[in-house]
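In mature numbering (1 follows the signal peptide of the UniProt record, and there is no 0), the protein residues as written are -20 to -1, 1 to 300.
Set out below in structure tokens:
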């Protein structure tokens, strides 16, 4: 019986973990990739897969879908909303497998162990927003599963910068640590500080180019994070279609919470909202500084729209 169960699990897992490379990359297999295969081979030989089988017929498996970002774009909201679907099994925490070297060296078996138990008909999903802007991640995901379906949620780049700062600011405040004003990050020598990491994370076209080296555009669904906040149902419908899920989520699953100022979820009579850390007010920023941000992102946004063949209703500075 143990051998039968092990064989069943290996049939599920193996097609997704054969390392491969796109035709544009002719480099020899790296030692890191060789180590991944060797670790997985050793894990299977030790019969470690047994711990990933549940008596009810569910098992842990590699994700078929990953929410790759972007940071402060609404990844948690997207995951929670998508989890309303009965055919979705979502990892609770950000795994950081592909972008943290200590985790990546643990190998694919470790990655599988971070996944939830799921049934054969379910899609396993994990989300780690840092994946989108981490240069090494696209190739690593491709080497695991070149047919991966990817979800990317984006917001207005300027708003994302402010939200990025706000999160770090509150994290410091909770620890009773001082933190500089946003102006001190955004301005350097009287000019916009383009070296500020939060600004770099909003240069979507640069990071998207890296992903398109490995995955075709039709494998990456871009969720409009600004629209998801204002009216979530139409955006979730698009995600269902992209993942080829039966339409199970409907408008009645969402209700606007006037106290919190954003949409919450209703599932089988239970109501739940995102953590109180979500939806925090952004700092007040001088109008002229905001214009500098909008001006800076005008060309990068234009390049991104051309790259993905789609436009978004983001602030854009237009010179008079």
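Glycine included, each C-beta is placed from N, C-alpha and C at the ideal position.
This structure is a prediction, so every number in the text was calculated from the model and none was measured.
Query                                                                                                                                                                                 : Result
Following the continuous beta strand (DSSP E) through residue 247, name the residue where it begins and the one where it ends.                                                        : 242 to 247
From this set, 118, 185, 279, 99, which residue's C-alpha is nearest residue 108's C-alpha?                                                                                           : 118
Check residue 205 in the structure and name its three-state DSSP category.                                                                                                            : helix
Just verifying my parser: in three-state terms, what is the DSSP assignment at residue -15?                                                                                           : Reliability of the predicted coordinates at residue -15 is poor, the pLDDT of 40 falling under 50, and no value is obtained from them.
Report the rounded CA-to-CA distance for residue 228 versus residue 99, giving the unit in angstroms.                                                                                 : 17 angstroms
Label residue 170 either buried or exposed according to how many other C-beta atoms from any shown protein chain fall within 10 Å of its C-beta, with 16 as the threshold for buried. : exposed
According to the Cβ coordinates, are residue 55 and residue 46 closer than 8 angstroms?                                                                                               : no
If I measure Cβ to Cβ from residue 185 and keep anything under 7 angstroms in the same chain, skipping five residues before and after, which residues do I get?                       : 280, 283, 284, 287
Report the start-end ranges of each beta strand (DSSP E) in the region 56 to 139 that is 3 residues or longer and not cut off at the edges.                                           : 68 to 70, 103 to 107, 129 to 134
Could you check whether the Cβ of residue 232 sits closer than 8 angstroms to any Cβ belonging to chain D?                                                                            : No chain D appears in this structure, which consists of one protein chain only.
Quick one: is residue 252 buried, meaning 16 or more other Cβ sit within 10 Å of its Cβ, or exposed?                                                                                  : exposed
Please confirm whether residue 265 and residue 133 have their CB atoms less than 8 angstroms apart.                                                                                   : no
For the region 143 to 155 and the region 72 to 90, state whether three or more C-beta atom pairs, one from each stretch, are separated by less than 8 angstroms.                      : no
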